[in-house]
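Peer 1: Letter 164 of the sequence shown, counting from 1, is numbered 184 in our numbering, and no numbers are missing. Glycine residues also receive a C-beta, built at the ideal position from the N, C-alpha and C atoms.
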Amino acid sequence: MPATLYRATVERVDVLSYNVRGFRLKLLEPPAMEFKAGQFVILNVPQGGKVVKRAYSIASPPHEPQTVELCIQHVEGGAASTYCWKLKAGDPVSISGPHGNFLLKEPLDYEPVFMATGTGVAPFRSMVKHLLHRNVTRNIWLLFGTRYEHSLLYESEFRSLAGIRHNFRYIPTVSRPKEWHGEVGHIQQTFQKHITDVSDKEIYLCGWLEVVKAVHKDLQGLGVPNERIHYEEW
Ligand SMILES: Cc1cc2nc3c(=O)[nH]c(=O)nc-3n(C[C@H](O)[C@H](O)[C@H](O)COP(=O)(O)OP(=O)(O)OC[C@H]3O[C@@H](n4cnc5c(N)ncnc54)[C@H](O)[C@@H]3O)c2cc1C
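This is how it looks when you write it as structure tokens:
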């Protein structure tokens with residue numbers, strides 16, 4: 021699947037939290053992208069006569085090839101995220117893709133454990149939807165952490181998926197809860213509490229560099245073999 025340049029239009033913008041928005045892009049030319057769950061696109065951002073390029077993980081699954089969903093955190097003064105904050109339905113955008121090798125290990129003879137904070141959940145939303153679409157019967161774990169409960173992205177979607185697909189184990193964790201009845205602390209603690217045996221698991225981490233590094237180190241401290249930890253850091 022070589023990377024291709026796509027002309028697309030913004031179909032919808034969703035407010036996912038106070039500083040994260042979801043962008044649903046409809047591909048126009050070419051009209052579809054063949055990609056694998058976990059890959060990313062490069063967004064071409066026009067800026068002062070030049071083009072700034074930024075990578076964004078694809079949050080939608082490969083079985084919906086005519087659209088690409090992105091979830092983007094606003095970074096103060098950030099070139100691309102500030103540009104995205106001005107986008108509205110109908111606006112044209114240019115992306116290239118697919119890129120990247122952060123893919124599910126095949127064959128799927130293990131239980132995947134996805135661990136993310138913030139927008140690091142993007143590739144895992146694609147992977148979870150892909151695996152459920154494939155009717156995988158093994159457990160699929162998603163340990164998702166944010167600071168506040170109102171920052172949990174795709175919360176109602178993940179909860180309803182977990183309600184109808186009992187092998188999807190969605191465990192959100194909040195570090196600074198207000199009115200929250202779920203797990204409190206960091207995703208490493210949730211891992212330690214719920215994942216008692218790693219012998220049939222592969223662990224996937226994604227997100228900002230510092231978070232991925234910290235989680236990785238803690239998993240090693242818990243005795244998770246390095247070859248079972250796969251990660252994408254930004
Ligand atoms: C493979 C890959 C996938 C990615 N997927 C996503 C994704 O799905 N969603 C997403 O939101 N981002 C994702 N990113 C990060 C994204 O590419 C940009 O780096 C990010 O959006 C900031 O770009 P910007 O142009 O807005 O800010 P820039 O103009 O690059 O940065 C502006 C300033 O903000 C600082 N800064 C940059 N990022 C942060 C941060 N997180 N916190 C605090 N300060 C920061 C910079 O150091 C700089 O000083 C991904 C990166 C990679 C490599």
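Leaving out five residues on either side along the sequence, give the residues of the same chain with a beta carbon under 6 Å from the beta carbon of Phe164.
Peer 2: Ala136, Val141, Pro192
Peer 1: When burial is assigned at 16 or more other CB atoms within 10 Å of the CB, is Ser146 buried or exposed?
Peer 2: buried
Peer 1: With DSSP collapsed to three states, give me the class of Ala1.
Peer 2: Residue 1 lies beyond the range of the chain shown here (21 to 254); nothing can be said about it.
Peer 1: Out of Ile249, Pro50, Cys104, Ala57, state which residue places its alpha-carbon closest to the alpha-carbon of Arg44.
Peer 2: Cys104
Peer 1: For the stretch 59–73 against the stretch 124–135, are there 3 or more C-beta pairs whose distance is under 8 Å?
Peer 2: no
Peer 1: Using a threshold of 7 Å, is the CB atom of Thr139 nearer than that to any non-hydrogen atom of ligand 1?
Peer 2: yes
Peer 1: When the distance is taken between beta carbons, is Gly202 closer than 8 Å to Thr166?
Peer 2: no
Peer 1: Check for me: the alpha helix (DSSP H) holding Trp105 runs from which residue to which?
Peer 2: 99–105
Peer 1: To test your reading of the DSSP string, which unbroken beta strand (DSSP E) runs of 3 or more residues are found completely within the stretch 73–151?
Peer 2: 87–93, 112–119, 131–137
Peer 1: Can we count Val88 as close to ligand 1, meaning its CB is less than 7 Å from some heavy atom?
Peer 2: Every heavy atom of ligand 1 is 7 Å or more from the Cβ of Val88, so no.
Peer 1: Nearest to Pro118 by CA position, among Tyr76, Arg154, Gly110, is which residue?
Peer 2: Tyr76
Peer 1: Flag Val133 as yes when its Cβ comes closer than 7 Å to any non-hydrogen atom of ligand 1, and as no otherwise.
Peer 2: no
Peer 1: Measure from the alpha carbon of Ile92 to the alpha carbon of each residue in Lys233, Phe134, Gly227, Thr210, then state which is nearest.
Peer 2: The candidate whose alpha carbon is nearest that of Ile92 is Gly227.
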